[in-house]
Amino acid sequence: MINDMSPYLNSNKIFIWSKKNLFSSWINSIMTIIALIFIYKVGTFFLNWAIFEADFITNFRGEIITDRTFCSKNIEVGQHGACWSIIFVRFHQFMYGFYPVEEAWRVNVIYALLPLALIGILFDKLPFRKIFIYFTFAFPFIAYFMLYGGPGLSVVATNKWGGLLVTLFLGVTGIALAFPLSIFLALGRRSNMPIVKSICVVFIEFIRGVPLITLLFTANVMLPLFLPEGVKPDNLLRALVAVTLFQSAYMAEAIRGGLQAIPRGQIEAAQSLGLNYWQTTRKIILPQALKIAIPPIVNTCIGLFKDTSLVLIIGLFDLLGIGRAALSDITWTKLYYEVYVFVSLIFFIFCFGMSRYSLYLEKKLKTDN
Amino acid sequence: MEQVIQLEKVNKWFDDFHVLKDIDLKVERGQKIVICGPSGSGKSTMIRCINRLEAHQKGHIVVHGTELTNDLKNIDMIRKNVGMVFQQFNLFPHLSVIDNISLAPIWVKKLPKKEAENIAMTYLEKVKIPEQAQKFPGQLSGGQQQRVAIARSLAMNPDIMLFDEPTSALDPEMIKEVLDVMIQLAEEGMTMLVVTHEMGFAKTVADQMIFMDEGKIVEQATPDEFFNNPKSDRTKLFLSQILNH
Amino acid sequence: MQQNFLRKLIFDEKTRALLIQTLVIGIFAVLIYLVTKQTAYNLEKRGIGTGFEFLNIAAGYDISISLIPYDSNDTHLRAYFVGLLNTLMIAVCGCFLATILGFLVGIIRLSSNWLFRNIAYVYVEFTRNVPVLLQIILYYTILLHLPKVKQSLVIFDNFYLSNRGLFSPAPIFKDGFSIVIGSLIVMIIFTFFLKRFLKKKQELTGKQYPIFLINSGLIIFTPIFVYYLMGMPLEFDHPVMKGFNFKGGMVIRPEFLGMLFGLSIYTAAFISETVRSGIISVSKGQREASQALGLKSNFIMRLIIIPQALRVIIPPLTSQYLNLTKNSSLGIAIGYADLVHGFGGISLNQTGKAIEIMLIVMSTYLTISLIISFFMNLYNKAVQFKGNV
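Residue numbers (this note's numbering), protein chains in the order written: chain A, 3 to 371; chain B, 764 to 1008; chain C, 4 to 392.
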């Protein structure tokens, strides 16, 4: 019984690996076979649908597919795979919404600059990090000027914005605005002052206790009621207010977790050196607490990024909203798989990227300490 | 003397790391064997093979005349008769001290609860903390926890006890209380295999000293010979490091 | 003297705290005053009054799914309860399905088979990184594009799946069925005592009984036996195709199914992660110590691993339930008649009472959240490990 196990030294690594992970017992072997059949079936089905039998630009008659020309599968029902033409034909809308075509370059510039604005915050060992950080702070102004317009650029009202632009705008701006707010909320929740503390607790627990959609409704319907006549925030701005408040409550809880992880000794040491409350908080507590809190903060950001899709319910055209709008065109009605797969993929890339980044940070935190 | 444990040309690999190389060892009833050696030398792995917490890949291990193979019945039987104490205590945090100790008598030996608890109390008295019976592991000091862990093993009435660095995770002032219990156990004639760096303890109780390095038994001798007249250079070096620190 | 006073005001710890707090209250009060005044002015100008009288006015709209009798002549208040019940219904069903699926996937994630493990991993990553709203809309769209009623897909001979939903036989309970139900309840109570009795007996004699097996046997087979004894007092009303639709039976609408699939498949991905991390959080040492004591693996699972893992799993599990309940408000996107869709949407549009209605809707969700977290905290306190672990 014992000697039939061959010593690892003399064996092939792949053989050992598969013995351990795929064929360790007869049940395991059966599972492996079932899984292989499953992967083969799903894989071939998906590849056939998505690639081999799919339309990309032309249908099987060789006609270029447009808003007026059908895909193969609409002509010969049940015979063809996906029709990706809808993505190409509507690509402008998916990326920019109803942004004027000749002005789309402005959005492209911002898409290109966005990574540069983020990279400084994301990686602390970046060379010339300071310059990148300066750029991060300048970026909102550049973005406002480029996207909305101003001297030298024509104004593009926010009701023309849509698709990925709205999704990214709400996600990135919401997170950026919520961040400082959430720090104050988290500090307030841990404050010794009962009134400040209870205001923060009530705010955080209230926001976390209700669905985002009710906040969006409230902002949409009630913001105009609260404000003087003449001050009429547009729909995108209203959604932004709701999203920011929402995100700040969740972020505050993540930061509070970080604050709790800082040992009391740190505060005591700082105070005994003569630092006052704000100095202690800014120089000693927050840098450590935020470092610990970044992975959970990133997780709340993933949540928010996905939740921006809710704005379609209040009539904005985010990525998902644009997809839905495309499907309402009679030519495209049956292409829901294509549209939703494409939109899912974009969300997936962003969210999966963020979750990988959060994992990377967690690993780094462990090795740093 | 009756042989209770026998290791013959035992080999083990972790992936392609060769942890145990041709280990031969014979233990007689009532013998106390202390195993020492640098970390990563395979000493913990060796005693963990004896109750099959690790499976060896080559060679033979025979405990009480039963060879350890994949046979689950044999493994269960051997584990019932071989107690083990861990470096990290491994008490069950969700159970009170007395439940920790009576768990195995109830579920393995199928004893009535009352009887199992009586046994538990007997052993708690033996390790001198009967007053902690109703507490939970998290409420005890490290030394107390380790004594509970010893009582837990003893409650199965084993005839062999394995100790895997039982004092390494303890604060200095608690080491003595645990070692005292172990010395008492040795005096009662228990067969013991102890992985430890407590050389004072080794000199007091050991019949045999074993020094391991890089997966091999480098030296095996009586304590007298081992400490006063070590044969191998590696043993000398190790002893000089451990005794002079 | 005066300088001293000022000094005290600014540098004394207590007075300073008081000062800051007074300031905060002051700002808040002014803000609230301004907003209320402005709102009152705006409302007056638009001719919308305030108050909750509208709750007693006929709602005037139909609701497609309702657990309690409702028609368009009923009041807004009743519409509110219809919506609330629909929200609770989808939340309970969703949590139930998500828990089963989540535990299953979580356990597969820990499987020794590499392929199974990774198929589950792909499922988890793909579902939790895509908005739940998108998933709900996708499943709903798929359901809507099912064949028309005439070409319904037939499942197990009696279930018909079409773009109008899932038609299934409706049970008709005849005399005597209450006795079957009664026998089930009696058995549940009986097995509860039997379990205690057998446990006591085990404590006295040490002999172990297959309690779970005995009890589940009793609970399952006794009612079946009684059912046949009573002459099978249960019939089904089968859906029959008449004209363009089914008559009879019962129907589960695509809105409900879409919500159910979307919410539970999405939430299950998160639950599977908490299950997985709960089980791995029980240290390897715990398993080793139990093995060294000679415990069999099913006992190790039951007595050592599960009790410890549950402590870790339950709190995040509850917050997943909360998330699912809040996400059920997305029903509005596909027309599932939940609280937000009917009362928060249609009632609001008809009456214009935005403030009152949003207040009611939000407090409802808050109450649900608070109730669930209250019970979670109780549970957490009860199972907390004693001492420092």
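Glycine included, every Cβ here is placed at the ideal spot set by N, Cα and C.
Which word fits residue i, buried or exposed, when buried means at least 16 other C-beta atoms lie within 10 angstroms of its C-beta?
| i | result |
| --- | --- |
| residue 79 (chain C) | buried |
| residue 266 (chain A) | exposed |
| residue 127 (chain A) | exposed |
| residue 795 (chain B) | buried |
| residue 101 (chain A) | buried |
| residue 5 (chain A) | Note that residue 5 (chain A) scores 41 on pLDDT, short of 50, meaning its location in the model is unreliable; the coordinates nonetheless yield the value given after this. With fewer than 16 other Cβ atoms within 10 Å, it is exposed. |
| residue 778 (chain B) | exposed |
| residue 280 (chain A) | exposed |
| residue 798 (chain B) | buried |
| residue 244 (chain C) | exposed |
| residue 896 (chain B) | buried |
| residue 987 (chain B) | exposed |
| residue 204 (chain A) | exposed |
| residue 81 (chain A) | exposed |
Could you check where the alpha helix (DSSP H) with residue i kicks off and where it finishes?
| i | result |
| --- | --- |
| residue 868 (chain B) | 860-870 |
| residue 200 (chain C) | 180-208 |
| residue 988 (chain B) | 986-991 |
| residue 356 (chain A) | 338-370 |
Starting from residue i, find everything on chain B with Cβ-Cβ shorter than 7 Å and list it in chain order.
| i | result |
| --- | --- |
| residue 307 (chain C) | 855 |
| residue 210 (chain C) | 873 |
| residue 294 (chain C) | 816, 842 |
Following the continuous beta strand (DSSP E) through residue i, name the residue where it begins and the one where it ends.
| i | result |
| --- | --- |
| residue 846 (chain B) | 845-848 |
| residue 238 (chain C) | 237-240 |
| residue 966 (chain B) | Careful: residue 966 (chain B) lies outside any beta strand (DSSP E), inside the alpha helix (DSSP H) at 962-968. |
| residue 245 (chain C) | 243-245 |
| residue 248 (chain C) | 248-250 |
| residue 173 (chain C) | 173-176 |
Under three-state DSSP, which class holds residue i?
| i | result |
| --- | --- |
| residue 791 (chain B) | strand |
| residue 823 (chain B) | strand |
| residue 773 (chain B) | strand |
| residue 11 (chain A) | At residue 11 (chain A) the pLDDT is 48, less than 50, meaning the model places this residue with poor confidence; the figure from the coordinates comes in the next sentence. Helix. |
| residue 202 (chain A) | helix |
| residue 271 (chain A) | helix |
| residue 54 (chain C) | coil |
| residue 340 (chain C) | coil |
| residue 972 (chain B) | strand |
| residue 925 (chain B) | strand |
| residue 255 (chain C) | strand |
| residue 272 (chain C) | helix |
| residue 78 (chain A) | coil |
| residue 66 (chain A) | strand |
| residue 156 (chain C) | strand |
Less than 8 Å between the C-beta atoms of residue i and residue j, yes or no?
| i | j | result |
| --- | --- | --- |
| residue 817 (chain B) | residue 775 (chain B) | yes |
| residue 295 (chain C) | residue 792 (chain B) | no |
| residue 773 (chain B) | residue 819 (chain B) | yes |
| residue 338 (chain C) | residue 238 (chain C) | no |
| residue 179 (chain C) | residue 236 (chain C) | yes |
| residue 62 (chain C) | residue 366 (chain C) | no |
Please compile the residues from chain A whose C-beta is within a distance smaller than 7 Å of the C-beta of residue i.
| i | result |
| --- | --- |
| residue 431 (chain C) | Shown here, chain C extends from 4 to 392; a query on residue 431 (chain C) therefore has no answer. |
So residue i contacts chain C; which residues on that side make the cut at Cβ distance below 8 Å?
| i | result |
| --- | --- |
| residue 342 (chain A) | 137, 140, 141, 144 |
CB of residue i to nearest heavy atom of the ligand PLP: below 7 Å?
| i | result |
| --- | --- |
| residue 977 (chain B) | In the structure shown, the ligand PLP is absent, as is every other ligand, since no ligand is present at all. |
Mind pulling the chain B residues with CB within less than 8 Å of residue i?
| i | result |
| --- | --- |
| residue 388 (chain C) | 856, 857, 899, 901 |
| residue 298 (chain C) | 866, 867, 870, 871 |
Please list, in chain order, the chain A residues whose beta carbon lies closer than 8 Å to that of residue i.
| i | result |
| --- | --- |
| residue 20 (chain C) | 194, 195 |
Any C-beta of chain E sitting closer than 8 Å to the C-beta of residue i?
| i | result |
| --- | --- |
| residue 801 (chain B) | In the structure shown, chain E does not exist; the protein chains are A, B and C. |
Find the residues of chain C that neighbour residue i, judging by a C-beta separation of less than 7 Å, and give them in chain order.
| i | result |
| --- | --- |
| residue 34 (chain A) | 116, 118 |
| residue 876 (chain B) | 206 |
| residue 220 (chain A) | 361 |
| residue 843 (chain B) | 297 |
Since residue i meets chain B, which of its residues come closer than 9 Å, beta carbon to beta carbon?
| i | result |
| --- | --- |
| residue 281 (chain C) | Going along chain B, no residue has its Cβ under 9 Å from residue 281 (chain C), so there is no contact; the nearest lies around 13 Å. |
Give the residues of chain C in contact with residue i, contact being defined as C-beta atoms less than 9 Å apart.
| i | result |
| --- | --- |
| residue 211 (chain A) | 325, 329, 365, 368, 369, 370, 371, 372, 373, 376 |
Taking residue i as the query, report the chain A residues whose CB atoms sit under 9 Å from its CB, ordered along the chain.
| i | result |
| --- | --- |
| residue 30 (chain C) | Near residue 30 (chain C) there are no residues of chain A at all, since even the closest Cβ is about 11 Å away, more than 9 Å. |
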